[in-house]
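Q:
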Amino acid sequence: MQQGTLMRKVKSKSWKKQRFFKLQDDCMTIWYQSKRTGKTESAFSISDVETVREGHQSEVLQSLAEEFPPERCFTIVFYGRRGNLDLIAGSAEEAQCWVQGLRQLIEPRSFPLTFALVSLTWIRDWFQKADKNKDGRMNFKEVQHLLKMMNVDMNEDHALRLFQDADKSESGTLEGEEFVLFYKALTQREEVLSLFQEFSEDGKKLTLLELVDFLRQEQLEDEGTEEMAMELIDKYEPSETARTRHVLSADGFLMYLCSPEGSIFNPQHRELWQDMNQPLCHYFISSSHNTYLIEDQLRGQSSIEGYIRALKRGCRCLEVDCWDGPNGEPMVYHGHTFTSKIPFREVVSTLGKYAFKNPPTPSPPGCRRELVVLASSSAGFQRKQGSWRSWAPQSASLSPTPQELKHKILLKGKKIGRLEDMLDGPGDEVPDVSDDDNGAEAEEERRRAKVGGAGWDSALQKDKETLAQALSDCVIYCKNVSFQGFQEARSHSRPSEISSLSEAKARKLIRDAGNEFVRHNAWQLTRIYPSGMRTDSSNYSPQEMWNVGCQIVALNFQTAGTEMDLCDGLFSQNGRCGYVLKPPFMRDEETLFNPSDPGSREGPGPITLTIQVISGQQLPKVANSKDIIDPLVRVEIHGVPADQAHQETKYIENNGFNPHWDETLQFQLHVPELALVRFVVEDYDKTSRNDFVGQFTLAFANIKPGYRHIHLLSKDGTSIPPSSLFVHIRITE
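Here the numbering used here runs 1120 ahead of the position in the sequence shown, where the first position is 1.
(1) Provide the residue span of the beta strand (DSSP E) that contains CYS1670, from first to last.
(2) How big is the Cα-Cα spacing for MET1684 and ALA1674?
(3) Between THR1711 and the rest of its own chain, which residues show a CB-CB distance below 7 Å, the 5 nearest in sequence each way excluded?
(4) Is DSSP giving PRO1380 helix, strand or coil here?
(5) Can you round the beta-carbon distance between ASN1676 and SER1651 to whole angstroms, since I take them to be within the 8 Å contact cut?
(6) What is the residue span of the beta strand (DSSP E) that GLY1689 lies within?
(7) Where LYS1288 and ARG1257 are concerned, what is the direct C-alpha to C-alpha distance, given to the nearest angstrom?
(8) Less than 7 Å between the beta carbons of TYR1649 and PRO1522, yes or no?
(9) Can you list, in chain order, the residues of its chain with a C-beta nearer than 7 Å to that of ALA1163? Leave out the 5 residues immediately preceding and following it.
(10) Taking the alpha carbon of GLY1537 as the point to measure from, which residue in CYS1594, HIS1527 and LEU1530 has its own alpha carbon closest?
(11) Could you tell me which uninterrupted beta strand (DSSP E) segments, each at least 3 residues in length, are contained entirely in the stretch 1121 to 1203, listed from first to last along the chain?
(12) Name, in chain order, the residues that DSSP records as bridge partners for PHE1713.
(13) Hey, out of PHE1302, LYS1824 and LEU1205, whose CA is closest to ASN1386's CA?
(14) Could you name the residues of the same chain whose beta carbon sits closer than 7 Å to that of VAL1742, not counting the 5 residues immediately before and after it, in chain order?
(15) Span of the beta strand (DSSP E) holding TYR1403?
(16) Would you mind sorting PHE1373 into buried or exposed? The rule is 16 or more other CB atoms within 10 Å of its CB.
(17) Would you tell me roughly how many angstroms separate the C-alpha atoms of VAL1797 and ALA1821, rounded to the nearest one?
(18) Considering only residues of the stretch 1313 to 1338, which uninterrupted alpha helix (DSSP H) runs meet the minimum length of 4 residues and lie entirely inside it, listed in chain order?
(19) Would you report the Cα separation of ARG1201 and GLU1346, rounded to the nearest angstrom?
(20) Is the CB-CB distance between GLN1421 and ILE1414 below 7 Å?
(21) What's the call for GLY1545, buried or exposed, on a 16-neighbour Cβ count within 10 Å?
(22) Taking LEU1205 as the reference, which of ILE1196, SER1716 and GLU1213 has the closest Cα?
(23) State the DSSP-derived secondary structure class of GLY1572, mapped to helix, strand or coil.
(24) Quick check: the stretch 1716 to 1726 against the stretch 1764 to 1771, are at least 3 beta-carbon pairs closer than 8 Å?
(25) Do you know offhand how far PRO1190's Cα is from LYS1528's?
(26) Report the partner residues of VAL1753 according to the DSSP bridge assignment.
(27) What would DSSP say about GLU1768, mapped onto helix, strand or coil?
(28) Please confirm if the stretch 1728 to 1738 is in contact with the stretch 1776 to 1788, defined as three or more CB-CB distances below 8 Å between the two stretches.
(29) Considering only DSSP beta bridges, list what ALA1819 is partnered with.
(30) Is the beta carbon of ALA1286 closer than 7 Å to that of LEU1294?
(31) Within a Cβ cutoff of 7 Å, which residues of the same chain sit near THR1655, ignoring the five residues on either side of it in sequence?
(32) Answer yes or no: do LYS1702 and HIS1402 have a C-beta to C-beta separation smaller than 7 Å?
(33) With distances taken between CB atoms, is the gap from ILE1830 to PHE1787 smaller than 7 Å?
(34) Taking DSSP's pairing of strands, which residues face TYR1474 in a bridge?
(35) Can you tell me whether HIS1389 is buried or exposed, with buried defined as 16 or more other CB within 10 angstroms of its CB?
(36) Hey, out of ASP1805, THR1730 and TYR1827, whose CA is closest to SER1383's CA?
Below is the structure:
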């Protein structure tokens, strides 16, 4: 890899360009050189790579299957929404060299090593960027340029003082270890050192008992604190001598605070921690809308990447719209629009590969979970032979649990006749084809298009559809039925049935009959889908739907923003299995709870959440901007209407490197069980809208009190180390 390899970069059947790819000496970046122009450019950073797939595991490489064997092909998948990189090596041996090499470079390491590598890589990257003449040294002018690139606006005298202190050779330049010394002085965390010294008698170390005091008094750790203190010293103390003496140095203390144990997110809740033996309707389920689309809803691209990305993100409810294709081959696309099409067989194959892969975070072996697939179809759909695993209930009234449904796929869709007919034999009832949301979406689009005179009206004209019997037979549990009101549902519907509602219809029900909606969702599944007018794939707020217990709140996963931050925030817990147990008062069919009346919730009174926003560390610049940012922090509460709130700090001028706010924000939560807390960092702009810098969202139930770091995420929801916020959290009744 460091010698370099000539490979084909492919984007389509016709676009195949030769590129010379080479791993740089830092083992962190890949450069490529065009064979035609000889131009050298940075291709990607190792830290941007999520995984490497071997063989024909992309649509582009599948289209070239007859031309190039699978053992020469591989796909590099990046974090976030960056497109994949498809490569074809000259031989199977060269392909394996890159596949195995990349996998080894991106392999997760233990936190202390990762922390050290992030810091080391961060230092090396900035040094290389600032070393203009590439002589391996930096003079003071280059250091000043470096500080600006690093988001630091520092007094020149102070910067010169740090430079001279680090210049041990007195050469007027910094090189190697001298630059590391300069960096350490630059990143000195005074607020952490002050906290350390508050609990350290000699100001140099924390004894085991002093660390225990800190864990109990500030972090509110109340179980096994002595054992925990010993584990933290063994894990995070860099000095072997200190570890032997069972003491923690200031460096070890900082490493602990920056670790998963020092995170705002309760590490125990990262794993599978909830009861998975409740009926399916008692869970919020991570759900996507028109999963196959990776762009807009009218002319966007359909791709199996949509399914792969959603599944890897923990999504458990996917949408597959099946339509007749050429030669009886079913195709998947957004009907009555101009989106591209993908063969149904490719979708099924993709689900077979990715549906039951364990989530990316460590979790118990039993965490593999079921998949609910939404399937709508056109008339000629023929059932294909395959490995679809369905769950067969003993009666149509039985409500299965996630535990019972492990490793199974449920099809939600239209059904000819009743579920009982499948279980007890055919009845005399006239076959009934239930509606689904695609019809409703098309109807809404058609109505609005006529009003607005949209040019694509003709594409929305929908012929009367009939349902393929073979596909109907696959629907075992989630029969889609038209919603006719809560009383009608209570009288005639069954737990084995499900209704799909548009966001507008759901909002009206929330407004007019909030308590009835909560009760309904305690025994039957409800799916919410975006308005047909969201042709740009924008999203509605899922929070108001979760507030009444709607389980399947379908979002456009391809669109970044607050709505997907909330979705990722809710489902980042419980082993990222895609299921979150609803609070007890939302699982009771006789509940009095109504989200518009917080007093209807049974339980203790409101709680107070107090957040001291202390400081920020190495915040990124705004995309495509060279300016140093003026950061502020906004804390948002998303929950029932009475809890919706936001507060923000003042902005710090010209300091994205180590801003200090030391401001306290306070919130009252009436229904904390439903609250999500979103931390947002923005670049203040007095003349226009503030620019997004980073965010982190989590359920209130997962917050750990005390001094905590919040590791920020990008707009795409991917980590941006080492960017973080340092806060103190207090929760009181």
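We put the CB at the ideal spot given by N, CA and C, even for glycine.
A: The answer reads as follows:
(1) Bounds of any beta strand (DSSP E) do not take in CYS1670, whose DSSP letter is neither H nor E.
(2) Separation of MET1684 and ALA1674 (C-alpha to C-alpha, rounded to the nearest whole angstrom) is 11 Å.
(3) Taken in chain order, the residues that qualify are VAL1638, ARG1639, ALA1642 and PHE1705.
(4) PRO1380 sits in a helix when the DSSP states are folded into three classes.
(5) 11 Å between Cβ atoms; not a contact.
(6) Premise fails: GLY1689 lies in the alpha helix (DSSP H), 1682 to 1691, not in any beta strand (DSSP E).
(7) If I take the Cα positions, the gap works out to 13 Å.
(8) Taking 7 Å as the Cβ cut-off, TYR1649 and PRO1522 do not qualify as a contacting pair.
(9) Hits under 7 Å: PHE1141, ILE1150, TRP1151 and TYR1152.
(10) With distances taken between Cα atoms, GLY1537 lies closest to CYS1594.
(11) Taking 3 residues as the shortest admissible run, the stretch 1121 to 1203 contains the following complete beta strand (DSSP E) segments, listed from N- to C-terminal end: 1125 to 1130, 1136 to 1143, 1149 to 1154, 1160 to 1165, 1169 to 1174 and 1193 to 1198.
(12) Secondary-structure assignment with DSSP links PHE1713 through no beta bridge to anything.
(13) Shortest Cα-Cα distance from ASN1386 to any of PHE1302, LYS1824 and LEU1205 involves LYS1824.
(14) Excluding residues within five positions, the ones whose Cβ falls inside 7 Å are ILE1749, ASP1803, ASP1811 and VAL1813.
(15) Note, TYR1403: beta strand (DSSP E), 1403 to 1408.
(16) Result: buried.
(17) Roughly 10 Å separates the two Cα atoms.
(18) Qualifying alpha helix (DSSP H) stretches, in chain order: 1328 to 1337.
(19) Using only the alpha carbons, I get a separation of about 44 Å.
(20) In this structure, GLN1421 places its C-beta atom within 7 Å of the C-beta atom of ILE1414.
(21) No answer about GLY1545 holds up, because its pLDDT of 49 lies below 50 and its placement is not dependable.
(22) If we check each option's Cα against that of LEU1205, ILE1196 comes out closest.
(23) With a pLDDT of only 36 at GLY1572, under the threshold of 50, the placement of this residue in the model should not be trusted; the figure read from the coordinates follows. DSSP places GLY1572 in the helix class (H, G or I) of the three-state scheme.
(24) These segments do not touch.
(25) Approximately 29 Å between the Cα atoms of the pair.
(26) In the DSSP assignment, the residues bridged to VAL1753 are VAL1801.
(27) Looking at GLU1768 - three-state DSSP - the assignment turns out to be strand.
(28) Under the 8 Å Cβ criterion, the stretch 1728 to 1738 counts as touching the stretch 1776 to 1788, having at least three qualifying pairs.
(29) Paired residue(s): LEU1796.
(30) Contact: yes.
(31) Here the set comprises ASP1416, GLN1417 and LEU1418.
(32) Yes, these two residues count as a Cβ contact at 7 Å.
(33) Taking 7 Å as the Cβ cut-off, ILE1830 and PHE1787 do not qualify as a contacting pair.
(34) Looking at the DSSP assignment, TYR1474 forms no beta bridge with any residue, so it has no partner.
(35) Buried, by the Cβ-count rule.
(36) For SER1383, the closest C-alpha among the options ASP1805, THR1730 and TYR1827 is that of TYR1827.
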